[in-house]
């Protein structure tokens, strides 16, 4: 019997174009080539040594081997001749199809979901990220347990003659079920902590901006440039997985919280979207989404559509979006801001063109964010001198004063909840502080 090996990095890649693929339309030649190129990048990101890429067309998937019996036998011969240790399909395979292909080819078979899960397992470093990846892996594995016990298939029979295979499968399923419950419980606690942080930011009237976009579009590079962060950056898919939150100071003394999220990709497995729902909640609950686009990609419009699909799945489709077209240095395009011409939002920034790598255009982005959040309310305290009674009267005229206290020197401490635009118009943007203790100490 075939004992399934656990190691092996020499891989054959299999990518088919189906003319009838369920409800999805057939890919064009250009889309097929782009999908294959991305598949190769995914495999390299996982650490594979690619032996060969096998691509072909077929009318529809086949039930037993997915690719047809004749092609499957050719694949088995190719595995032996190339000494490949692993076959990776750029498609979702059923557990039975994986098992049948492994028996025929006598090597491991991995589908697209398994490949992405493996990459995520390598990239997760935080406690939450590891929990999310393990949860997604166990859900994926729970439907594929049977292939690990094929060497016990013959030990079956009637009462008193049942082999250990069936018992072991049931035990594994039960253990995996218990582990999934424990992971889900832990993630709910972590999600509760994140939710508490989001509530605190909302209470403090601090806007949150989430970076979203297709993987390898330059989100982490832009995040580091804006916040002087140390998020890991590499020219590979899913280089960073764990979310990061940093404060970004804007002109006029205002600030916001910038959240870097995991990149999206075509056909992102549903288990991953479900497992990372708490992380993606940073995008769902953000006040603004920065949709980072690789402007140098030929298929950037298709990438935008894929990101929008995932945003719809997590309930963030209706969020305000500022498009950021990155990598203008590769296009020899000057940084610029495109503005909305519609009468109801005339002049509002809609697109910012910049290069995160060279930092050209970053000032345009921060300026656009300052414009957008002028209507955002800020909460804080301001200390006025006795001679600033006129400014005090203006605050009361705007009906933004929540409380007032006066010290023995006549200094006035006002607690305000005020729109950013009004604060800037009164010339007090840099004087508003988040904590009254700091002001009292300064006074």
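Numbering (the numbering used here), first residue to last: 51 to 493. Backbone N, C-alpha and C fix where the C-beta goes; we use that ideal spot for every residue, glycine too.
Looking only at 102, 334, 416 and 238, the smallest Cα-Cα distance to residue 367 is reached by 334. Bounds of any alpha helix (DSSP H) do not take in residue 115, whose DSSP letter is neither H nor E. Excluding the 5 residues flanking it on each side, residue 445 has same chain C-beta neighbours closer than 7 angstroms at 451, 464 and 466, in chain order. Residue 157 sits close to residue 137, with the two beta carbons spaced by under 8 angstroms. Sequence-distant partners of residue 187 (beyond 5 residues in either direction) whose C-beta falls short of 8 angstroms from its own C-beta, in its chain, are 167 and 171. Separation of the CB atoms of residue 225 and residue 132 is rounded to 37 angstroms, and the pair is thereby denied contact status at 8 angstroms.
Distance from residue 86 to residue 103 at the Cβ level is roughly 7 angstroms; contact confirmed, criterion being Cβ atoms closer than 8 angstroms.
Judged by their CB atoms, residue 405 and residue 359 are not nearer to each other than the 8 angstroms cut-off. With contacts defined by Cβ atoms closer than 8 angstroms, residue 275 and residue 126 do not form a contacting pair. Judged by DSSP in its simplified three-state form, residue 90 adopts helix. With fewer than 16 other beta carbons inside 10 angstroms of its own, residue 223 counts as exposed. Three or more Cβ pairs closer than 8 angstroms define a contact, and the stretch 342 to 354 meets that threshold against the stretch 256 to 264. When DSSP states are grouped into helix, strand and coil, residue 257 belongs to the coil group.
In the DSSP secondary-structure assignment, residue 376 is bridged to 344.
In the three-state reduction of the DSSP assignment, residue 141 falls in the coil class, being assigned neither a helical nor a strand state. Per the C-alpha coordinates, the member of 485, 59 and 163 positioned closest to residue 316 is 163. Residue 388 counts as exposed, since fewer than 16 other beta carbons sit within 10 angstroms of its beta carbon. The three-state reading of DSSP puts residue 59 in coil, since its state is none of H, G, I, E or B. Every alpha helix (DSSP H) of 4 residues or more that sits fully in the stretch 147 to 196 is shown, in chain order, as 162 to 173 and 177 to 191. In the DSSP assignment, the residues bridged to residue 66 are 106.
Ranked by Cα distance from residue 148, the options 422, 461 and 115 are led by 115.
The beta-bridge partner set that DSSP reports for residue 264 consists of 314. Under the DSSP assignment, residue 442 falls in the alpha helix (DSSP H) whose first and last residues are 439 to 447. In this structure, residue 310 lies away from residue 257, with their beta-carbon atoms at least 8 angstroms apart. If you check the CB distance, residue 185 and residue 234 come in under 8 angstroms. When secondary structure is reduced to three states using DSSP, residue 225 falls in the helix class. The C-beta distance from residue 470 to residue 442 rounds to 20 angstroms, too long to fall under 8 angstroms, and the pair is not in contact.
Residue 173 holds the alpha-carbon nearest to the alpha-carbon of residue 96 among 83, 173 and 331.
For residue 387, no alpha helix (DSSP H) run applies; the uninterrupted beta strand (DSSP E) run containing it begins and ends at 386 to 389, by DSSP.
Per DSSP, residue 464 is one residue of the beta strand (DSSP E) stretching across 462 to 469. Cβ-Cβ distances below 8 angstroms link residue 398 to 389, 390, 421 and 422 in the same chain, with the five nearest sequence neighbours on each side left out; the list follows chain order. Between the alpha carbons of residue 140 and residue 179 lies a gap of roughly 24 angstroms. Linking residue 341 to residue 119 through their CA atoms gives a straight-line distance of about 44 angstroms.
With a cutoff of 8 angstroms on beta-carbon distance, residue 468 and residue 448 are scored as near each other.
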